[in-house]
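Undergrad:
See the structure below:
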(Lines of atoms letter the chains of each structure in order from A and count residues from 1; the text may use other names and numbers.)
(Lines give C-alpha, C1' and ligand atoms only; values in the text may rest on other atoms or scores of the structure.)
Protein backbone atom coordinates (compact mmCIF):
# COMPACT_ATOMS: atom_id res chain seq x y z
CA UNK A 1 0.00 0.00 0.00
CA UNK A 2 1.03 3.56 -0.50
CA UNK A 3 2.58 5.15 2.55
CA UNK A 4 2.07 8.88 3.08
CA UNK A 5 3.69 9.86 6.35
CA UNK A 6 3.01 13.25 7.89
CA UNK A 7 6.04 14.85 9.57
CA UNK A 8 6.69 18.10 11.31
CA UNK A 9 3.08 18.50 12.47
CA UNK A 10 3.96 20.29 15.67
CA UNK A 11 6.25 22.68 13.82
CA UNK A 12 3.48 23.52 11.38
CA UNK A 13 1.13 24.24 14.24
CA UNK A 14 3.63 26.60 15.87
CA UNK A 15 4.21 28.43 12.59
CA UNK A 16 0.46 28.85 12.09
CA UNK A 17 0.10 30.13 15.63
CA UNK A 18 2.85 32.71 15.18
CA UNK A 19 1.40 34.00 11.93
CA UNK A 20 -2.19 34.46 13.10
CA UNK A 21 -1.54 35.67 16.62
CA UNK A 22 -2.83 32.61 18.45
CA UNK A 23 -1.62 30.61 21.38
CA UNK A 24 -1.27 26.86 20.98
CA UNK A 25 -2.89 25.07 23.87
CA UNK A 26 -1.86 21.45 23.66
CA UNK A 27 -0.72 18.84 21.12
CA UNK A 28 -3.26 16.00 20.88
CA UNK A 29 -1.82 12.73 22.21
CA UNK A 30 -4.91 10.53 22.26
CA UNK A 31 -8.29 10.92 20.57
CA UNK A 32 -10.09 11.05 23.92
CA UNK A 33 -7.66 13.49 25.58
CA UNK A 34 -9.02 16.69 27.12
CA UNK A 35 -7.63 20.04 25.87
CA UNK A 36 -7.33 22.89 28.37
CA UNK A 37 -7.29 26.46 27.14
CA UNK A 38 -7.97 29.96 28.41
CA UNK A 39 -11.52 29.96 27.11
CA UNK A 40 -12.94 26.47 26.69
CA UNK A 41 -12.30 22.79 27.28
CA UNK A 42 -12.61 20.69 24.12
CA UNK A 43 -12.99 16.92 23.97
CA UNK A 44 -13.54 14.65 21.01
CA UNK A 45 -16.93 12.96 21.10
CA UNK A 46 -16.85 9.28 20.19
CA UNK A 47 -19.90 9.43 17.90
CA UNK A 48 -21.68 12.18 15.98
CA UNK A 49 -24.14 14.14 18.07
CA UNK A 50 -26.55 13.00 19.47
CA UNK A 51 -25.72 9.30 19.07
CA UNK A 52 -24.21 7.07 21.74
CA UNK A 53 -23.35 4.06 19.58
CA UNK A 54 -22.94 3.00 15.94
CA UNK A 55 -24.21 -0.13 14.19
CA UNK A 56 -23.90 -1.69 10.74
CA UNK A 57 -25.74 -4.68 9.32
CA UNK A 58 -23.23 -6.59 7.18
CA UNK A 59 -24.92 -8.90 4.69
CA UNK A 60 -23.23 -11.71 2.80
CA UNK A 61 -24.46 -12.22 -0.77
CA UNK A 62 -25.18 -15.96 -0.56
CA UNK A 63 -28.46 -16.97 -2.23
CA UNK A 64 -29.20 -13.42 -3.41
CA UNK A 65 -31.40 -12.83 -6.42
CA UNK A 66 -32.73 -9.51 -7.69
CA UNK A 67 -36.28 -10.10 -6.47
CA UNK A 68 -35.29 -10.53 -2.84
CA UNK A 69 -32.60 -7.86 -2.99
CA UNK A 70 -35.07 -5.22 -4.19
CA UNK A 71 -37.78 -6.15 -1.67
CA UNK A 72 -35.31 -6.00 1.22
CA UNK A 73 -33.56 -2.77 0.32
CA UNK A 74 -36.77 -0.94 -0.55
CA UNK A 75 -37.87 -1.75 3.00
CA UNK A 76 -34.54 -1.01 4.69
CA UNK A 77 -33.26 2.00 2.76
CA UNK A 78 -36.29 3.92 1.47
CA UNK A 79 -39.39 5.55 2.95
CA UNK A 80 -41.62 3.88 0.35
CA UNK A 81 -44.55 1.64 1.17
CA UNK A 82 -43.28 -1.90 0.54
CA UNK A 83 -44.54 -5.48 0.77
CA UNK A 84 -42.76 -5.67 4.15
CA UNK A 85 -44.28 -2.45 5.45
CA UNK A 86 -43.36 1.23 5.53
CA UNK A 87 -39.73 1.73 4.54
CA UNK A 88 -37.33 2.49 7.39
CA UNK A 89 -34.88 4.85 5.65
CA UNK A 90 -31.80 3.21 7.19
CA UNK A 91 -28.29 3.34 5.73
CA UNK A 92 -27.73 -0.40 5.22
CA UNK A 93 -25.45 -1.70 2.47
CA UNK A 94 -24.97 -5.16 1.00
CA UNK A 95 -22.31 -7.29 -0.68
CA UNK A 96 -22.09 -8.97 -4.06
CA UNK A 97 -20.44 -11.84 -5.89
CA UNK A 98 -18.25 -11.24 -8.91
CA UNK A 99 -18.62 -14.81 -10.21
CA UNK A 100 -20.63 -17.95 -9.66
CA UNK A 101 -18.47 -21.06 -9.77
CA UNK A 102 -20.67 -23.09 -7.42
CA UNK A 103 -22.26 -26.41 -8.29
CA UNK A 104 -24.31 -26.66 -5.11
CA UNK A 105 -27.93 -27.60 -5.88
CA UNK A 106 -29.60 -25.57 -3.15
CA UNK A 107 -32.86 -23.72 -3.72
CA UNK A 108 -32.53 -19.96 -3.17
CA UNK A 109 -36.05 -18.63 -3.82
CA UNK A 110 -39.66 -19.77 -3.55
CA UNK A 111 -40.03 -19.68 -7.35
CA UNK A 112 -37.62 -22.55 -7.87
CA UNK A 113 -34.41 -20.64 -8.52
CA UNK A 114 -31.25 -22.41 -7.34
CA UNK A 115 -27.67 -21.38 -6.57
CA UNK A 116 -26.91 -21.21 -10.29
CA UNK A 117 -29.35 -18.24 -10.44
CA UNK A 118 -27.50 -16.14 -7.83
CA UNK A 119 -27.06 -12.47 -8.72
CA UNK A 120 -23.44 -11.98 -9.85
CA UNK A 121 -21.48 -9.48 -11.91
CA UNK A 122 -20.49 -12.07 -14.54
CA UNK A 123 -22.23 -15.05 -16.10
CA UNK A 124 -20.80 -18.05 -14.29
CA UNK A 125 -17.01 -17.80 -14.50
CA UNK A 126 -16.98 -16.19 -17.94
CA UNK A 127 -15.77 -12.68 -18.77
CA UNK A 128 -19.26 -11.77 -20.00
CA UNK A 129 -21.22 -9.41 -17.72
CA UNK A 130 -24.47 -10.89 -16.51
CA UNK A 131 -27.91 -9.40 -17.11
CA UNK A 132 -27.73 -8.12 -13.51
CA UNK A 133 -24.34 -6.40 -14.01
CA UNK A 134 -25.74 -2.95 -14.98
CA UNK A 135 -27.99 -3.10 -11.93
CA UNK A 136 -25.18 -4.11 -9.58
CA UNK A 137 -23.04 -1.24 -10.88
CA UNK A 138 -25.98 1.11 -10.32
CA UNK A 139 -26.40 -0.09 -6.74
CA UNK A 140 -22.68 0.29 -6.04
CA UNK A 141 -22.91 3.86 -7.32
CA UNK A 142 -25.83 4.64 -5.00
CA UNK A 143 -24.51 2.94 -1.86
CA UNK A 144 -26.77 -0.11 -1.69
CA UNK A 145 -23.67 -2.28 -2.24
CA UNK A 146 -20.22 -1.58 -0.78
CA UNK A 147 -18.57 -4.96 -0.17
CA UNK A 148 -16.90 -7.77 -2.13
CA UNK A 149 -18.11 -11.12 -0.84
CA UNK A 150 -14.94 -13.09 -1.50
CA UNK A 151 -13.88 -13.41 -5.14
CA UNK A 152 -17.29 -14.89 -5.89
CA UNK A 153 -19.24 -17.98 -5.00
CA UNK A 154 -16.84 -20.84 -5.72
CA UNK A 155 -18.27 -23.32 -3.19
CA UNK A 156 -18.21 -26.83 -4.66
CA UNK A 157 -19.94 -29.98 -3.48
CA UNK A 158 -16.45 -31.49 -3.37
CA UNK A 159 -14.72 -28.79 -1.33
CA UNK A 160 -11.26 -30.20 -2.09
CA UNK A 161 -11.61 -28.87 -5.67
CA UNK A 162 -11.83 -25.33 -7.06
CA UNK A 163 -12.34 -23.59 -10.39
CA UNK A 164 -11.07 -20.19 -9.20
CA UNK A 165 -8.10 -18.54 -10.93
CA UNK A 166 -6.18 -15.29 -10.43
CA UNK A 167 -7.05 -14.38 -14.03
CA UNK A 168 -10.72 -14.16 -13.06
CA UNK A 169 -9.94 -11.56 -10.41
CA UNK A 170 -7.79 -9.57 -12.85
CA UNK A 171 -10.62 -9.56 -15.39
CA UNK A 172 -13.21 -8.49 -12.82
CA UNK A 173 -11.18 -5.63 -11.34
CA UNK A 174 -10.20 -4.34 -14.79
CA UNK A 175 -13.89 -4.32 -15.67
CA UNK A 176 -14.76 -2.30 -12.54
CA UNK A 177 -12.02 0.24 -13.31
CA UNK A 178 -13.41 0.77 -16.80
CA UNK A 179 -16.83 1.40 -15.26
CA UNK A 180 -15.35 4.28 -13.20
CA UNK A 181 -16.99 3.01 -10.03
CA UNK A 182 -15.93 4.24 -6.61
CA UNK A 183 -13.35 1.90 -5.04
CA UNK A 184 -14.84 -0.91 -2.97
CA UNK A 185 -13.03 -0.88 0.36
CA UNK A 186 -14.53 -3.89 2.18
CA UNK A 187 -13.93 -7.63 1.60
CA UNK A 188 -15.63 -10.47 3.48
CA UNK A 189 -14.56 -14.08 3.14
CA UNK A 190 -17.07 -16.68 1.99
CA UNK A 191 -17.91 -20.31 1.76
CA UNK A 192 -16.24 -23.67 2.02
CA UNK A 193 -12.67 -24.66 1.24
CA UNK A 194 -13.20 -24.38 -2.51
CA UNK A 195 -12.99 -20.60 -2.01
CA UNK A 196 -9.20 -20.60 -2.12
CA UNK A 197 -8.92 -16.82 -2.65
CA UNK A 198 -9.99 -16.14 0.95
CA UNK A 199 -7.31 -14.77 3.27
CA UNK A 200 -6.46 -13.30 6.64
CA UNK A 201 -7.18 -16.22 8.97
CA UNK A 202 -4.40 -18.61 9.93
CA UNK A 203 -6.04 -21.31 12.02
CA UNK A 204 -5.53 -24.97 11.18
CA UNK A 205 -8.89 -25.11 9.44
CA UNK A 206 -8.11 -22.04 7.32
CA UNK A 207 -4.93 -23.37 5.72
CA UNK A 208 -6.85 -23.60 2.44
CA UNK A 209 -6.82 -19.78 2.22
CA UNK A 210 -4.31 -18.75 -0.46
CA UNK A 211 -5.45 -15.25 -1.37
CA UNK A 212 -2.56 -13.55 0.46
CA UNK A 213 0.13 -16.09 -0.43
CA UNK A 214 2.37 -14.55 -3.13
CA UNK A 215 3.72 -18.01 -3.98
CA UNK A 216 0.24 -19.30 -4.81
CA UNK A 217 -1.52 -19.19 -8.18
CA UNK A 218 -4.58 -18.02 -6.23
CA UNK A 219 -2.87 -14.87 -4.87
CA UNK A 220 -5.13 -11.78 -5.13
CA UNK A 221 -4.44 -9.36 -2.26
CA UNK A 222 -2.14 -7.22 -4.41
CA UNK A 223 -5.02 -6.79 -6.86
CA UNK A 224 -7.47 -5.95 -4.09
CA UNK A 225 -5.15 -3.32 -2.62
CA UNK A 226 -4.93 -1.66 -6.03
CA UNK A 227 -8.72 -1.68 -6.21
CA UNK A 228 -8.92 0.07 -2.83
CA UNK A 229 -9.78 -2.73 -0.39
CA UNK A 230 -8.68 -1.67 3.11
CA UNK A 231 -10.86 -3.74 5.44
CA UNK A 232 -11.31 -7.53 5.60
CA UNK A 233 -13.44 -9.88 7.66
CA UNK A 234 -11.45 -13.08 7.57
CA UNK A 235 -14.03 -15.65 8.63
CA UNK A 236 -13.62 -15.32 12.39
CA UNK A 237 -16.79 -16.11 14.32
CA UNK A 238 -17.52 -13.64 17.10
CA UNK A 239 -19.92 -13.67 20.05
CA UNK A 240 -19.02 -10.23 21.39
CA UNK A 241 -21.69 -7.67 20.53
CA UNK A 242 -20.16 -4.31 21.49
CA UNK A 243 -16.60 -3.20 20.79
CA UNK A 244 -14.74 0.02 21.66
CA UNK A 245 -13.28 -0.27 18.14
CA UNK A 246 -14.25 -2.64 15.32
CA UNK A 247 -10.88 -2.68 13.57
CA UNK A 248 -7.51 -4.32 14.23
CA UNK A 249 -4.34 -4.61 12.09
CA UNK A 250 -3.68 -7.82 10.16
CA UNK A 251 -0.28 -8.59 8.64
CA UNK A 252 -0.86 -10.72 5.56
CA UNK A 253 1.44 -13.46 4.34
CA UNK A 254 2.71 -11.24 1.52
CA UNK A 255 3.97 -8.77 4.15
CA UNK A 256 1.32 -6.14 3.49
CA UNK A 257 -1.26 -5.01 6.03
CA UNK A 258 -5.01 -4.53 6.10
CA UNK A 259 -7.50 -3.61 8.75
CA UNK A 260 -9.38 -6.63 10.01
CA UNK A 261 -12.80 -6.07 11.52
CA UNK A 262 -15.11 -7.93 13.88
CA UNK A 263 -18.65 -9.12 13.26
CA UNK A 264 -21.27 -10.47 15.65
CA UNK A 265 -22.05 -13.91 14.21
CA UNK A 266 -23.83 -15.63 17.10
CA UNK A 267 -23.37 -17.06 20.55
CA UNK A 268 -20.85 -19.61 21.76
CA UNK A 269 -21.23 -22.23 24.46
CA UNK A 270 -18.23 -24.19 25.73
CA UNK A 271 -19.00 -27.72 26.87
CA UNK A 272 -17.00 -30.78 27.84
CA UNK A 273 -17.14 -33.71 25.42
CA UNK A 274 -15.57 -37.09 26.33
CA UNK A 275 -12.35 -37.67 24.44
CA UNK A 276 -12.29 -34.08 23.12
CA UNK A 277 -12.22 -31.97 26.25
CA UNK A 278 -13.60 -28.43 26.18
CA UNK A 279 -15.37 -27.84 22.86
CA UNK A 280 -16.93 -24.59 21.67
CA UNK A 281 -20.34 -25.00 20.06
CA UNK A 282 -21.53 -22.09 17.98
CA UNK A 283 -25.13 -21.03 17.63
CA UNK A 284 -24.63 -19.03 14.43
CA UNK A 285 -27.22 -16.48 13.38
CA UNK A 286 -26.65 -16.25 9.64
CA UNK A 287 -30.26 -16.14 8.46
CA UNK A 288 -32.51 -13.06 8.42
CA UNK A 289 -34.93 -15.07 10.57
CA UNK A 290 -32.33 -14.63 13.33
CA UNK A 291 -32.07 -10.84 13.04
CA UNK A 292 -34.76 -10.43 15.68
CA UNK A 293 -32.50 -12.26 18.14
CA UNK A 294 -29.32 -10.49 17.00
CA UNK A 295 -31.04 -7.11 17.40
CA UNK A 296 -32.64 -8.02 20.71
CA UNK A 297 -33.52 -4.87 22.66
CA UNK A 298 -31.33 -5.91 25.60
CA UNK A 299 -28.32 -6.14 23.29
CA UNK A 300 -29.09 -2.76 21.73
CA UNK A 301 -29.56 -1.14 25.14
CA UNK A 302 -26.23 -2.57 26.31
CA UNK A 303 -24.58 -1.24 23.16
CA UNK A 304 -25.82 2.26 23.99
CA UNK A 305 -24.73 1.95 27.62
CA UNK A 306 -21.23 0.82 26.62
CA UNK A 307 -20.87 3.48 23.93
CA UNK A 308 -19.68 0.90 21.45
CA UNK A 309 -19.59 -0.14 17.83
CA UNK A 310 -21.14 -3.31 16.42
CA UNK A 311 -21.37 -4.98 13.02
CA UNK A 312 -24.09 -7.61 12.64
CA UNK A 313 -23.26 -10.52 10.31
CA UNK A 314 -26.19 -11.92 8.35
CA UNK A 315 -27.44 -13.10 4.96
CA UNK A 316 -30.26 -10.65 4.29
CA UNK A 317 -31.36 -12.56 1.19
CA UNK A 318 -30.80 -15.97 2.78
CA UNK A 319 -34.45 -17.09 2.89
CA UNK A 320 -36.22 -18.83 0.00
CA UNK A 321 -39.61 -17.52 1.12
CA UNK A 322 -42.03 -15.26 -0.75
CA UNK A 323 -41.59 -12.77 2.11
CA UNK A 324 -37.83 -12.59 2.84
CA UNK A 325 -38.32 -11.32 6.42
CA UNK A 326 -40.51 -12.77 9.15
CA UNK A 327 -42.46 -10.72 11.67
CA UNK A 328 -39.85 -10.84 14.44
CA UNK A 329 -37.15 -9.56 12.08
CA UNK A 330 -39.36 -6.73 10.82
CA UNK A 331 -40.28 -5.80 14.40
CA UNK A 332 -36.61 -5.72 15.44
CA UNK A 333 -35.64 -3.55 12.48
CA UNK A 334 -38.47 -1.12 13.20
CA UNK A 335 -37.28 -0.90 16.81
CA UNK A 336 -33.73 -0.23 15.60
CA UNK A 337 -34.98 2.59 13.38
CA UNK A 338 -36.78 4.10 16.39
CA UNK A 339 -33.55 4.01 18.38
CA UNK A 340 -31.87 5.95 15.59
CA UNK A 341 -34.77 8.41 15.46
CA UNK A 342 -34.31 9.01 19.20
CA UNK A 343 -30.60 9.74 18.84
CA UNK A 344 -29.33 6.56 20.47
CA UNK A 345 -27.80 4.37 17.72
CA UNK A 346 -26.53 5.65 14.38
CA UNK A 347 -27.07 3.01 11.68
CA UNK A 348 -24.38 3.24 9.00
CA UNK A 349 -23.28 1.22 6.00
CA UNK A 350 -20.34 -1.07 6.68
CA UNK A 351 -17.84 1.01 4.71
CA UNK A 352 -18.94 4.23 6.41
CA UNK A 353 -18.77 2.73 9.89
CA UNK A 354 -15.28 1.34 9.29
CA UNK A 355 -13.93 4.58 7.85
CA UNK A 356 -15.46 6.62 10.66
CA UNK A 357 -13.98 4.20 13.20
CA UNK A 358 -10.51 4.68 11.70
CA UNK A 359 -10.84 8.47 11.61
CA UNK A 360 -12.23 8.65 15.13
CA UNK A 361 -9.55 6.53 16.79
CA UNK A 362 -6.63 7.92 14.76
CA UNK A 363 -7.47 11.62 14.85
CA UNK A 364 -4.87 14.06 16.13
CA UNK A 365 -5.46 17.77 16.61
CA UNK A 366 -4.22 21.01 18.14
CA UNK A 367 -6.44 23.52 19.90
CA UNK A 368 -5.66 27.14 19.02
CA UNK A 369 -7.16 30.15 20.78
CA UNK A 370 -7.45 33.35 18.72
CA UNK A 371 -7.13 36.08 21.35
CA UNK A 372 -8.29 38.90 19.06
CA UNK A 373 -11.64 37.26 18.28
CA UNK A 374 -12.07 34.89 21.20
CA UNK A 375 -12.43 32.03 18.73
CA UNK A 376 -11.40 28.46 19.49
CA UNK A 377 -9.87 26.72 16.47
CA UNK A 378 -9.90 22.90 16.54
CA UNK A 379 -7.10 22.20 14.06
CA UNK A 380 -7.08 18.59 12.83
CA UNK A 381 -3.48 17.78 11.94
CA UNK A 382 -3.45 14.14 10.84
CA UNK A 383 -4.85 10.63 11.14
CA UNK A 384 -2.57 8.04 12.73
CA UNK A 385 -2.94 4.91 10.61
CA UNK A 386 -0.50 2.09 11.44
CA UNK A 387 -1.76 0.03 8.49
CA UNK A 388 -1.81 2.42 5.52
CA UNK A 389 0.46 5.17 6.86
CA UNK A 390 -0.38 8.43 8.64
CA UNK A 391 -2.09 11.04 6.48
CA UNK A 392 -3.78 14.43 6.41
CA UNK A 393 -7.52 13.74 5.97
CA UNK A 394 -9.97 15.48 3.68
CA UNK A 395 -13.34 16.83 4.75
CA UNK A 396 -15.07 13.92 2.99
CA UNK A 397 -13.13 11.44 5.15
CA UNK A 398 -14.16 13.15 8.37
CA UNK A 399 -17.95 12.95 8.17
CA UNK A 400 -19.35 12.85 11.70
CA UNK A 401 -16.22 13.80 13.68
CA UNK A 402 -17.57 15.81 16.61
CA UNK A 403 -16.19 17.77 19.56
CA UNK A 404 -17.80 18.79 22.86
CA UNK A 405 -17.25 22.28 24.27
CA UNK A 406 -19.15 24.89 26.20
CA UNK A 407 -19.90 27.33 23.38
CA UNK A 408 -19.66 26.00 19.82
CA UNK A 409 -20.75 29.35 18.37
CA UNK A 410 -17.25 30.67 19.14
CA UNK A 411 -15.47 27.67 17.61
CA UNK A 412 -14.29 26.52 14.20
CA UNK A 413 -12.69 23.35 12.79
CA UNK A 414 -9.67 23.38 10.50
CA UNK A 415 -7.68 20.72 8.68
CA UNK A 416 -3.95 21.41 8.88
CA UNK A 417 -4.63 25.13 9.26
CA UNK A 418 -7.30 25.42 6.55
CA UNK A 419 -10.78 26.25 7.92
CA UNK A 420 -13.59 23.88 6.99
CA UNK A 421 -16.47 25.75 5.30
CA UNK A 422 -19.36 26.44 7.62
CA UNK A 423 -21.65 24.58 5.23
CA UNK A 424 -19.87 21.37 6.27
CA UNK A 425 -20.14 22.16 9.99
CA UNK A 426 -23.02 21.25 12.29
CA UNK A 427 -23.51 22.65 15.80
CA UNK A 428 -25.69 21.66 18.73
CA UNK A 429 -25.95 23.27 22.15
CA UNK A 430 -22.55 21.98 23.28
CA UNK A 431 -21.01 20.30 20.22
CA UNK A 432 -19.43 21.22 16.93
CA UNK A 433 -18.73 18.66 14.25
CA UNK A 434 -18.32 17.83 10.60
CA UNK A 435 -21.66 17.01 9.09
CA UNK A 436 -22.61 13.32 8.78
CA UNK A 437 -23.72 11.99 5.39
CA UNK A 438 -27.02 13.38 4.16
CA UNK A 439 -29.65 10.62 4.45
CA UNK A 440 -30.56 9.14 1.07
CA UNK A 441 -33.95 7.44 1.10
CA UNK A 442 -34.34 7.40 -2.69
CA UNK A 443 -35.84 4.20 -4.02
CA UNK A 444 -33.07 3.03 -6.36
CA UNK A 445 -34.65 -0.40 -6.99
CA UNK A 446 -34.80 -1.38 -10.67
CA UNK A 447 -35.21 -4.55 -12.72
CA UNK A 448 -34.25 -5.62 -16.23
CA UNK A 449 -37.64 -4.30 -17.40
CA UNK A 450 -37.25 -0.84 -15.85
CA UNK A 451 -37.04 2.03 -18.39
CA UNK A 452 -33.57 3.01 -17.15
CA UNK A 453 -32.13 -0.49 -17.59
CA UNK A 454 -31.46 -0.23 -21.34
CA UNK A 455 -29.56 3.03 -20.76
CA UNK A 456 -27.47 1.50 -17.95
CA UNK A 457 -26.62 -1.51 -20.10
CA UNK A 458 -25.58 0.63 -23.05
CA UNK A 459 -23.47 2.83 -20.79
CA UNK A 460 -21.74 -0.25 -19.33
CA UNK A 461 -21.04 -1.72 -22.76
CA UNK A 462 -19.64 1.57 -24.05
CA UNK A 463 -17.20 1.80 -21.16
CA UNK A 464 -16.07 -1.79 -21.75
CA UNK A 465 -14.65 -0.90 -25.18
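In the working numbering, the protein residues as written are -5 to 459. Even glycine gets a Cβ: it sits at the ideal position worked out from N, Cα and C. Bear in mind the structure is a predicted one, so any value in this text is a computation, not a measurement.
Among 296, 180, 211, 314, which has the Cα closest to the Cα of residue 241?
TA: 180
Undergrad: As a quick exercise: from 185, 208, 210, pick the residue whose alpha carbon is nearest that of residue 199.
TA: 185
Undergrad: Measure the alpha-carbon distance for residue 46 versus residue 40 and round it to whole angstroms.
TA: If I take the Cα positions, the gap works out to 8 Å.
Undergrad: Whether or not the segment 286 to 298 and the segment 216 to 232 are in contact is what I'm after, with contact meaning three or more pairs of Cβ atoms, one per stretch, closer than 8 Å; do they touch?
TA: Taking a cut-off of 8 Å for Cβ pairs, the segment 216 to 232 and the segment 286 to 298 do not touch, as fewer than three such pairs fall below it.
Undergrad: For residue 263, does the three-state DSSP call read helix, strand or coil?
TA: strand
Undergrad: Run the CB neighbour count on residue 449, radius 10 Å, all protein chains shown included, and call it buried at 16 or more, exposed below.
TA: exposed
Undergrad: Along the beta strand (DSSP E) that carries residue 88, what are the first and last residues, could you check?
TA: Judged by DSSP secondary structure, residue 88 falls within the beta strand (DSSP E) whose first and last residues are 88 to 90.
Undergrad: In whole angstroms, what separates the C-alpha of residue 346 from that of residue 210?
TA: 32 Å
Undergrad: If we count Cβ pairs, one from each stretch, closer than 8 Å, do we get three or more for the segment 335 to 351 versus the segment 78 to 92?
TA: yes
Undergrad: How should residue 316 be labelled, buried or exposed, when 16 other C-beta atoms within 10 angstroms of its C-beta is the threshold for buried?
TA: exposed
Undergrad: Between residue 75 and residue 94, which are expected to be in contact by the criterion C-beta below 8 Å, what is the C-beta distance as a whole number of angstroms?
TA: No, residue 75 and residue 94 are not in contact; Cβ-Cβ is about 33 Å, not under 8 Å.
Undergrad: With a threshold of 7 Å on Cβ separation, who are the neighbours of residue 137 within its own chain once the five nearest residues in sequence on each side are excluded?
TA: 87, 343, 434
Undergrad: Specify the secondary structure class of residue 408 as computed by DSSP and reduced to three states.
TA: If DSSP states are grouped into helix, strand and coil, residue 408 belongs with the strands.
Undergrad: Expressed to the nearest angstrom, what Euclidean distance is found between the alpha-carbon atoms of residue 77 and residue 70?
TA: 12 Å
Undergrad: Taking Cβ to Cβ, would you say residue 308 is nearer than 8 Å to residue 66?
TA: no
Undergrad: In three-state DSSP terms, what is residue 101?
TA: strand
Undergrad: Using 8 Å for Cβ pairs, my map puts residue 166 next to residue 92. What's the rounded Cβ distance?
TA: 4 Å
Undergrad: For the segment 354 to 382, which segments carrying the beta strand (DSSP E) assignment without a break, of at least 3 residues, lie completely within its bounds, in sequence order?
TA: The qualifying runs are 357 to 364, 369 to 377.
Undergrad: Determine the contact status of residue 231 and residue 305, defining contact as a CB-CB distance below 8 Å.
TA: no
Undergrad: Out of curiosity, what's the CA-to-CA distance linking residue 148 and residue 158?
TA: 7 Å
Undergrad: Helix, strand or coil: how does DSSP classify residue 82 here?
TA: coil
Undergrad: Using 8 Å as the threshold, is the segment 371 to 384 in touch with the segment 349 to 361, meaning 3 or more CB pairs across them?
TA: The way I'd put it, the segment 371 to 384 does touch the segment 349 to 361; three or more beta-carbon pairs between them come closer than 8 Å.
Undergrad: Which value, in whole angstroms, describes the spacing of the CA atoms of residue 416 and residue 410?
TA: 16 Å
Undergrad: How many Å lie between residue 172 and residue 134 at the Cα?
TA: 14 Å
Undergrad: Going by DSSP in three states, residue 147 sits in which element: helix, strand or coil?
TA: strand
Undergrad: Threshold first: 3 residues or longer. Then list the beta strand (DSSP E) segments lying entirely within the segment 119 to 200, N to C.
TA: Given a length threshold of 3 residues, each whole run of the beta strand (DSSP E) inside the segment 119 to 200 is given here in chain order: 139 to 143, 180 to 182.
Undergrad: Hey, could you find the ends of the alpha helix (DSSP H) residue 448 is sitting in?
TA: 445 to 458
Undergrad: For residue 462, which option in 419, 203, 447 has the closest C-alpha, if you only look at C-alpha atoms?
TA: Nothing can be reported for residue 462, as the shown portion of the chain is limited to -5 through 459.
Undergrad: Express the C-alpha separation of residue 208 and residue 80 in angstroms, rounding to a whole number.
TA: 49 Å
Undergrad: Which complete beta strand (DSSP E) runs does the segment 25 to 76 hold, if anything under 3 residues is left out?
TA: 37 to 39, 47 to 53
Undergrad: Verify whether the separation of the beta carbon atoms of residue 89 and residue 109 is less than 8 Å.
TA: no
Undergrad: Can you give me the start and stop residues for the alpha helix (DSSP H) that residue 323 sits inside?
TA: Segment 321 to 335, the alpha helix (DSSP H) holding residue 323.
Undergrad: Specify, as a first and last residue, the run of the alpha helix (DSSP H) that residue 296 falls within.
TA: 291 to 300
Undergrad: Give the DSSP-derived three-state secondary structure of residue 282 in the structure shown.
TA: Residue state, collapsed to three classes: helix.
Undergrad: Quick test of the definition: if touching needs 3 or more C-beta pairs under 8 Å, does the segment 418 to 428 touch the segment 389 to 407?
TA: yes
Undergrad: Please name the residue in 250, 361, 382 whose C-alpha comes closest to that of residue 213.
TA: 250
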